[in-house]
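Q: In our numbering, the protein residues as written are 357 to 592.
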Amino acid sequence: MKKPNLIEVKTQTEALYTLRVLTNNLDDLLIEIADLASKNKKQFQHAPVILEIENKHFQANELAVLIEILTQNDMVAVGIRSRKQELIDFAKFSGLAVFGKSLTPSKPKTPKKITNDESPSPHQDKVYQAPKIVANKVYSSAQVVAMDSDLVLLGVVKSDAEVMSYGSVSAYKEVQGKVFAGISGNEKSTIFIHSFNAQLVSIAGVYKRFDVVPTKLYARSVMIDLNKGKLRFQIV
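1. Under 8 Å between the Cβ atoms of A390 and N429?
2. Would you identify the three-state DSSP class for K572, choosing helix, strand or coil?
3. Can you tell me the Cα-Cα spacing of G451 and N417, whole angstroms?
4. Is P487 buried or exposed, if buried means 16 or more other CB atoms sit within 10 Å of its CB?
5. Assuming V569 contacts F552 (C-beta within less than 8 Å), just tell me the rounded distance between them.
6. Figure out for me which residue from L362, N583 and L407 has the closest Cα to the Cα of G456.
7. Please name the residue, chosen from A433, V500, S505 and D506, that lies closest to V513 on a Cα-to-Cα basis.
8. How far does the alpha helix (DSSP H) with N417 in it extend, from its first residue to its last?
9. Over what stretch of residues does the beta strand (DSSP E) that includes A502 continue unbroken?
10. Check this for me: beta carbons of S521 and I539, under 8 Å apart or not?
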């Protein structure tokens, strides 16, 4: 007796939308996507969306926030199309489909032999852990910890609050409290603060306390990393 099929493959004709993402400014994307969804509720409610990301500066943690923005606006990210390997790795880890041509060159390269003087790239075959996303305000004296992942903060971090991550920290509102990145010793961790008013920032144990935030940093978008063992502050 022939065993009946348990699944059937069908070709559907429902719309699948492609959203071309041309910036990594999440505030602007939040406004534009919310506006698009509100003006086209019937069209985009629960609609499947492919994210086509062309901005070369777009990072995995920003992709996580973008997916959350779509979810908040009743849209569903089903996959991405990008030439950036970091985003492809994150998409695969998150269960999203990857559309378009592979980044792997069509012509195979001869494998390079690794000698004792060479070592594989630390970024090769890296698996990106989905970041911890905190959408709400972090109140004074509260503590938020992201274990084994990056931390994404969508709300204000009030004074005396502490936010900590084994990886990087990205804050998209004002930060008045204390920020600790790379708490496991990862010196490659970074801190991004959209509106800087922090009491303290620290990366892998290297810290700087602010009794008064300098005018050149106050309320500015700031990227912080470690450069030769010292904290480096860059206005972005």
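The beta carbon of each residue, even a glycine, is placed where N, CA and C say it ideally should be.
A: Taking the geometry as given:
1. Position 34 of the sequence shown, counted from the first residue, corresponds to residue 390. Position 73 of the sequence shown, counted from the first residue, corresponds to residue 429. A contact, by the Cβ cut-off of 8 Å.
2. Counting from one through the sequence shown, the residue named residue 572 turns up at place 216. Correct three-state label for K572: coil.
3. Residue mapping note: residue 451 aligns to position 95 of the sequence shown, counting from 1. Residue mapping note: residue 417 aligns to position 61 of the sequence shown, counting from 1. Looking at the two C-alpha atoms, the distance is approximately 15 Å.
4. Indexing the sequence shown from 1 puts residue 487 at position 131. It counts as buried.
5. In the sequence shown, the residue the question calls residue 569 occupies position 213. In the sequence shown, the residue the question calls residue 552 occupies position 196. V569 to F552, Cβ: 7 Å. Contact.
6. Locating residue 456 in the sequence shown gives position 100, counting from the first residue. The shortest Cα separation from G456 among L362, N583 and L407 belongs to L407.
7. Locating residue 513 in the sequence shown gives position 157, where the first residue counts as 1. Residue V500 is the option with its Cα nearest to V513.
8. Here residue 417 refers to the residue found at position 61 when the sequence shown is read from its first residue. From DSSP, the alpha helix (DSSP H) with N417 extends over A416 to Q428.
9. As a position in the sequence shown, residue 502 is number 146, starting the count at 1. A502 -> beta strand (DSSP E) spans Q499 to A502.
10. One-based indexing of the sequence shown puts residue 521 at position 165. One-based indexing of the sequence shown puts residue 539 at position 183. Yes, the pair counts as a contact, with Cβ atoms nearer than the cut-off.
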